[in-house]
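J.:
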C-alpha cells in the first residue's frame, strides 16, 4: 500500500528499479551483439532482466521504458542518470532512437523466451537508422512471434526555429480554452486509467492543466465557462470532472484565492469523483432508477475515492486537499447528503465543489433516473435549497459567476434564431450577450455577438437547450 | 563539453548584431555562474548574491537594449536567435536537458524581471534537486510565480493543427437536428429573477471572507485524520471497514515517523475507542487490534525514542496513555523502547507501564528472556524484579549463569531486593561467578543478611587454591566478611596474618596484613583493637602505616559516636 507520509520513498524505489531495467537491457543488448541466438551467454542477462520486469509488475507499475526528450522514463517517472547508469542509459537511448522506438512495454505474462525473441528481433537491424526502422522492427517481432512485449513509435520532435516561429500566435494558442479543455480530458483519462488498474496515481499532467486553467482565468474566464457546456457521453468520459474543476476555479478566483490555493482547489475538484473508478459503468450509466444496493454503492463513491487516494497516492499537502474535496463534495452544507458518517466538518473547498458538482450534475446527467435541467432551471432549483443544502452566500457568488443562463447555453430566440450565450449581462440577468449561430431559417451563420438587452430588432429567449444533446460544439465560439 | 559557447562573427545569421549576440552570451555566462553558485553557497553568501546581481544586471541591460531575451531549448543546447549560446551534454548538469526533458521548448525573459525571479528560476533548473512525483520544472516554475519568465512547451507547438481542424468544420447537421427536435421539446425559460436578490449581503460577504481566511489556515492533516475517523466510525461495509483500519494503522505509524505526535496520539485513542464499540464484530475487533499492534515497528520505535530523549513533544501522561493502549500485543516493542530510551523520567514511565502489563501474568515476558540483545533481557529482569512474585523469581533465576555480565548483575540486584526467602539462597551461586565484582557483591549481601552458610563459604574461598590469584578488592571483601561474621573467633586467624612471619620471607606478607586489617575493622570490637595495637610495632613501614590508619579510623569512629 502506497500510504506514505513521504511518497518520494515509493518514487525512489521505482527509480532504482527503472535504472536496474536500463542496466539489464544494456547488458542484454550488448550480449546479443556479441553472441548469436542460442548461445548460453545470453541466458543470464535474460534472466536478470526478467527478474527486474517482474519486480516492477509486482508493484503494480507499468513496466514500460520510454524515451522522451533525451531522457528515459519508467512509465511516467523520469529516471535521472547518475555516474553508474550514464553509459547504459546513453546506449539504450541510442538503440531506441535507431529503431525509431519511443517506448518498450513488458506485459504481465512476459517470459524469458519472449525476451530472447525480442532482443534478437531488435538486434537484427541495420546499423544506420532508416525511416522504415520501426516498421521493420514490428515485422521482425511478428515473424519471431514475440508476445507480451510491445514497442511504441517515437514521437516526432519539432525543432524550434525561433526566427520563423510565431511565438505570439503560439502564446495565443496556448491560451485557447478549447485546446486546454481537451488536454484536461486527456489528463483525467490517464488518471482514471491508473486508478482503475490500481497503479500509483501520477498527477503531474493534471496539475499542469489546472495551472494553465488558472492562468486563463484572468482573461479567458468566459471561454472556460463556455466549455462547461460540454458533456460526457457516459461515465467513461471525463467532461464532468473538468467542468466541475472549471466552475470551482471560477468561484475560487472570484473569492480572491491565491494561485497556490486555486491550484489545490482545482486538483481537488478535478479528482472529486475518482471513487467512481471503482464502480461499474452498469451502475453509473444505468438509465433507470437504481436499486437500494446500487444506490448504496454509488453513495459510497466518496469513501472509495478517499481509499483510492490514500492507497494509490500517498499523503502529502496536495493529496490531503484532494481527499477533503473527494470526501465532502456530497455532504451538502446542512449535512443532509452522503456519505452518512458522523462528520460535521465541511471545508470551503468541499462547499465550493459541492455547488459546482450539483450544477453540472443537474444540467447534464440523465443517468439513474435523473432529469436533465436547462441551466436556468438548474439555478432556480439550487436557489430553492439556498441556506439548506447550499451556503446562501456561496451559491449567490456561484450564480453571479455563471449567470442565470450558463455561458455556453444554447438558446432559441423568439425570432427563431439559435444563439449561444457568450457572456452574462452585468445589469440584467434576463438578457445575456449571445452569438447568433443559426438564422431564422435554420441556416448556420457566423453571426454577430448581440446584447439581448439592446438588440435591434428586439429579441427574447423562447427556449433554453443543451448543446451536447445535438453534438453541437460550442467551444469554437469562445476562441 | 562547453557550457557557454563563444559567439564568433561567423555564427550570427540574419540581421542580429554582433553586440547583441555578445550580450546574450554574457547573460548565459552569468546564468551558468549563478547556477553553480546556488549549488555551492548558502543563499546569504555574498559571493552568490554577487553572481545573482551580476546576472540580473546583464539581463536587464540586454532586455533594455535588444528586447525580450528569448531562448530556443534543444536537448543539450540553448539557442539565441539561431546561435548556440549554451551546450552541455552531461545529463546530470545540463540546464538545457532539464528544461527540454520537461517539455520546455522556448524560454522568454521580459522587461521588469526581478532578481528574486532569476533566483527562483535557477533554483529549479540550475541543478537536479529532489522533485516531488507530481511536479516537474514546469509546475515548479508556475508555483514560484515568475511573471517575467514564460515558456512555451512542446505540446503548445503541436496544438495549432488540432485547433484548426476542430474550429472550421461546419455544424449545419447539428443545427438541423436542433430544429427538428424543437418541435416537441420546448423548454421555456424559468421565470424572471430579480438580480438584487442575488447580491451578497454584508453578512454573507463577511462570511465568505472569513471562510476564505480560515481555509488558508486549515491543518490538512487534521482534515485527513477527521475523515478517516469519520469513515471508520460510520462504516457498515466489511470491506470498507477492513481497508480503512489498514489505512488508519499505516497513517498512525506514518504520523509517528513524521513527528506528528499529536495526530498519532489522536489516532491511537480513536482506535482504542473503536475497540470498545459493542457494534464491532469479533473479526473487526481483531483487525483493529492487529492494526494497533503494527504501529510500533522498528522504525517507529526508533523515532519515538529519539523524541522521548530529545524534546518535550510528548508528556509523561501522554506516553503512559499511549503505551497502555498499545498494551500486551506491543510488549516486545515497548521493551525495546525501554532498552533505547535514556531519559530517566521517560524510562520510569515505560517501566511503570510494563509492570502494569505483566502484573497478572509475568510469563508474558518469558519470550524476551532468551533474546540475544542483552539490554532487552536486562530490562525484562528489571521489570520482573519489580513484580517480585514467585513466578517472576523462577523466571529470573534461570539467568544466574547467563553469559552477559550486565544481566547477571541485574539478577543479583533482584535477588538482593527480593523479599522471597528463597532468593537469598540463589545468591550463594554467585560466589562462583566468573566476575569478581559479582562475587564480591554476593558475599557482601550474604554477610549483610547474616546468611548461615556465609562464614563457612567465605573461609572456604579464602583457603582455596586460586585465592591468591584474586584481586585485592575481592580478598579484602572476603576477609571483611569473615571479620564481620566470625567476630571474636576469627581473631587468631587475623593474628597469624598480622604477626606471623612467613617462611623464607623477611617480614609479614603485605596483602595478608591488609586483609587482616580489613577484617579487624569489620569486627570492630575490643579484641580487634587490641590486636591492632599489638601489631603496631611492625618493622615494615608500609604495614605500620596501614595499621596506624586503621587505629585512627577506629578512634574517629568512636569519637563520632560519642559526640552523636
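Chains as they are written, first to last, in this note's numbering: chain H, 321 to 799; chain C, 504 to 1067.
In this text, a Cβ means the ideal position worked out from N, Cα and C, and glycines have one as well.
1. When DSSP labels each residue in this structure, what does residue 664/C get in the three-state scheme?
2. Relative to the C-alpha of residue 683/C, which candidate in 752/H, 732/H and 768/H has its C-alpha closest?
3. For the alpha helix (DSSP H) that contains residue 461/C, what are its first and last residues?
4. Quick one: Cα of residue 622/H to Cα of residue 591/C, how far?
5. Measuring alpha carbon to alpha carbon, tell me which of 758/C, 768/C and 823/C ends up nearest residue 802/C.
6. Along the beta strand (DSSP E) that carries residue 743/H, what are the first and last residues, could you check?
7. Apart from the five residues just before and just after residue 860/C, which ones in its own chain have a Cβ nearer than 6 Å to its Cβ?
8. Residue 792/C: which of 805/C, 806/C, 776/C and 804/C sits nearest, CA to CA?
9. Looking only at its chain, what residues have a beta carbon closer than 7 Å to the beta carbon of residue 529/C, apart from the 5 residues adjacent to it on each side?
10. Could you give the distance in angstroms between the alpha-carbon of residue 608/C and the alpha-carbon of residue 654/C?
11. Mind checking whether residue 551/C and residue 540/C have CB atoms under 8 Å apart?
12. For the beta strand (DSSP E) that residue 388/H lies in, which residues bound it at each end?
13. Look at the alpha carbon of residue 636/C and the alpha carbon of residue 706/C, and state the distance between them as a whole number of angstroms.
14. Report back the beta-carbon spacing between residue 420/H and residue 387/H to the nearest angstrom; my notes put them in contact at under 8 Å.
15. Taking only beta-carbon atoms, is residue 391/H less than 8 Å away from chain C?
16. Apply the 10 Å Cβ neighbour rule to residue 780/H and answer buried if 16 or more other Cβ atoms are within range, or exposed otherwise.
17. In angstroms, rounded to a whole number, what distance separates the CA positions of residue 428/H and residue 367/H?
18. Are the C-beta atoms of residue 589/C and some chain H residue less than 8 Å apart?
19. Rounded to the nearest angstrom, what separates residue 844/C and residue 873/C at their Cα positions?
20. What residues in the segment 576-607 of chain H bring their beta carbon closer than 7 Å to a beta carbon of chain C?
21. Listed from N- to C-terminal order along the chain, which residues in the segment 601-619 of chain C have their beta-carbon within a distance smaller than 8 Å of any beta-carbon of chain H?
22. Just to confirm, is the Cβ distance from residue 742/H to residue 769/H under 8 Å?
23. Does the pairing of the segment 623-633 of chain H with the segment 697-710 of chain H give three or more beta-carbon distances under 8 Å?
24. Let me check understanding here. Comparing Cα to Cα, which of 712/C, 577/C and 821/C lies closest to residue 717/H?
25. Considering only C-alpha positions, which residue in the set 967/C, 1017/C and 566/C is nearest to residue 986/C?
26. Would you call residue 734/H buried or exposed, if buried means 16 or more other Cβ atoms sit within 10 Å of its Cβ?
27. Which residues in chain C sit within 7 Å of residue 638/H, going by Cβ to Cβ distance?
28. At what residues does the beta strand (DSSP E) containing residue 403/H begin and finish?
29. Out of curiosity, what's the CA-to-CA distance linking residue 663/C and residue 614/H?
30. Rounded to whole angstroms, what is the Cα-Cα separation between residue 806/C and residue 890/C?
31. Which bits of chain H does residue 881/C rub up against, with CB to CB less than 8 Å?
32. Please confirm whether residue 783/H has its beta-carbon closer than 8 Å to some beta-carbon of chain C.
33. Taking C-beta to C-beta, are residue 426/H and residue 466/H nearer than 8 Å?
34. When the cut-off is 8 Å and only beta carbons count, does residue 801/C lie next to chain H?
35. Alpha helix (DSSP H) containing residue 772/C: first to last residue?
36. Rounded to a whole number of angstroms, what is the C-alpha to C-alpha distance between residue 579/H and residue 709/C?
T.: Put simply:
1. Locating residue 664/C in the second chain gives position 161, counting from the first residue. With a pLDDT of 48 at residue 664/C, under the threshold of 50, the predicted position of this residue should be treated as unreliable, though the coordinate-derived value follows. It is helical.
2. As a first step, residue 683/C is located in the second chain; it is residue number 180 there, counting from the start. Comparing Cα-Cα distances from residue 683/C to each of 752/H, 732/H and 768/H, the minimum goes to 732/H.
3. Absent from the model: residue 461/C. The displayed extent of chain C is 504 to 1067, so no value can be given.
4. Residue numbering aside, residue 622/H sits at position 302 when the first chain is read from its first letter. Residue numbering aside, residue 591/C sits at position 88 when the second chain is read from its first letter. Each residue's alpha carbon lies about 49 Å from the other.
5. As a position in the second chain, residue 802/C is number 299, starting the count at 1. That would be 758/C, whose Cα lies nearest to the Cα of residue 802/C.
6. Walking along the first chain from the start, residue 743/H turns up at place 423. Residue 743/H: member of the beta strand (DSSP E) spanning 738-743, first to last residue.
7. If you number the second chain from 1, residue 860/C lands on position 357. Excluding residues within five positions, the ones whose Cβ falls inside 6 Å are 831.
8. On the second chain, residue 792/C is found 289 positions in, with the first residue counted as 1. Nearest neighbour of residue 792/C by Cα position, chosen from 805/C, 806/C, 776/C and 804/C, turns out to be 776/C.
9. Start at 1 with the first residue of the second chain, and residue 529/C comes out as number 26. 561, listed in sequence order.
10. Stepping through the second chain from its first residue, residue 608/C is reached at position 105. Stepping through the second chain from its first residue, residue 654/C is reached at position 151. Rounded to whole angstroms, the separation of the alpha carbons of residue 654/C and residue 608/C is 7 Å.
11. Numbered from its first residue, the second chain carries residue 551/C at position 48. Numbered from its first residue, the second chain carries residue 540/C at position 37. Yes; because the gap between Cβ atoms is below 8 Å, this pair is in contact.
12. Reading the first chain from its first residue, position 68 is the one you call residue 388/H. Here the beta strand (DSSP E) through residue 388/H covers 384-388.
13. Translated into positions along the second chain, residue 636/C becomes position 133. Translated into positions along the second chain, residue 706/C becomes position 203. Looking at the two C-alpha atoms, the distance is approximately 42 Å.
14. Within the first chain, residue 420/H is the residue found at index 100, counting from 1. Within the first chain, residue 387/H is the residue found at index 67, counting from 1. About 10 Å separates the CB atoms of residue 420/H and residue 387/H; that is not less than 8 Å, and the two are not in contact.
15. Taking the first chain and counting its residues from 1, one reaches residue 391/H at position 71. Output row for residue 391/H: interface = yes.
16. Within the first chain, numbered from 1, the residue matching residue 780/H stands at position 460. Residue 780/H should be labelled exposed.
17. For the purposes of this step, residue 428/H is identified with residue 108 of the first chain, where counting begins at 1. For the purposes of this step, residue 367/H is identified with residue 47 of the first chain, where counting begins at 1. If I take the Cα positions, the gap works out to 15 Å.
18. Position 86 of the second chain, counting from 1, holds the residue named residue 589/C. Taking Cβ atoms only, chain H never reaches closer than 8 Å to residue 589/C, which makes this a no.
19. Taking the second chain and counting its residues from 1, the one referred to as residue 844/C is at position 341. Taking the second chain and counting its residues from 1, the one referred to as residue 873/C is at position 370. Approximately 21 Å between the Cα atoms of the pair.
20. For the segment 576-607 of chain H, which is checked against every Cβ of chain C, the residues closer than 7 Å are 576, 577, 579, 580 and 581.
21. The residues in question are 603, 604, 605, 606, 608, 609 and 611.
22. As a first step, residue 742/H is located in the first chain; it is residue number 422 there, counting from the start. As a first step, residue 769/H is located in the first chain; it is residue number 449 there, counting from the start. Their beta carbons are under 8 Å apart, which means residue 742/H touches residue 769/H by this criterion.
23. Touching, no.
24. The residue given as residue 717/H occupies position 397 in the first chain. Of the listed residues, the one whose Cα sits closest to residue 717/H is 712/C.
25. If you number the second chain from 1, residue 986/C lands on position 483. Answer by Cα proximity: 1017/C.
26. Residue 734/H sits at position 414 when you count from the first residue of the first chain. Per the 10 Å Cβ criterion, exposed.
27. For the purposes of this step, residue 638/H is taken as the residue at position 318 of the first chain. Ordered by position in chain C, the residues that pass the 7 Å Cβ test against residue 638/H are 637.
28. Looking up residue 403/H in the first chain gives position 83. Neither: residue 403/H is in no beta strand (DSSP E) and is coded neither H nor E.
29. As a first step, residue 663/C is located in the second chain; it is residue number 160 there, counting from the start. As a first step, residue 614/H is located in the first chain; it is residue number 294 there, counting from the start. Reliability of the predicted coordinates at residue 663/C is poor, the pLDDT of 47 falling under 50, and the value obtained from them is presented with this limitation in mind. Cα to Cα, the separation comes out at about 44 Å.
30. To locate residue 806/C, count along the second chain from 1; it is residue 303. To locate residue 890/C, count along the second chain from 1; it is residue 387. Rounded to the nearest whole angstrom, the CA to CA distance from residue 806/C to residue 890/C is 29 Å.
31. As a first step, residue 881/C must be located in the second chain, where it is residue number 378. For residue 881/C, no chain H residue has a Cβ inside 8 Å of its Cβ, as the nearest lies near 34 Å away.
32. Stepping through the first chain from its first residue, residue 783/H is reached at position 463. Yes, residue 783/H counts as interfacial toward chain C.
33. Counting from one through the first chain, the residue named residue 426/H turns up at place 106. Counting from one through the first chain, the residue named residue 466/H turns up at place 146. Judged by beta-carbon spacing, residue 466/H lies beyond the 8 Å limit of residue 426/H, meaning their Cβ atoms are not closer than that value.
34. Counted from its first residue, the second chain places residue 801/C at position 298. Residue 801/C has a beta carbon lying at 8 Å or more from every beta carbon in chain H.
35. Along the second chain, read from residue 1 onward, the residue named residue 772/C stands at position 269. Per DSSP, residue 772/C belongs to the alpha helix (DSSP H) from 764-778.
36. As a working note, residue 579/H is residue 259 in the first chain. As a working note, residue 709/C is residue 206 in the second chain. Between the alpha carbons of residue 579/H and residue 709/C lies a gap of roughly 21 Å.
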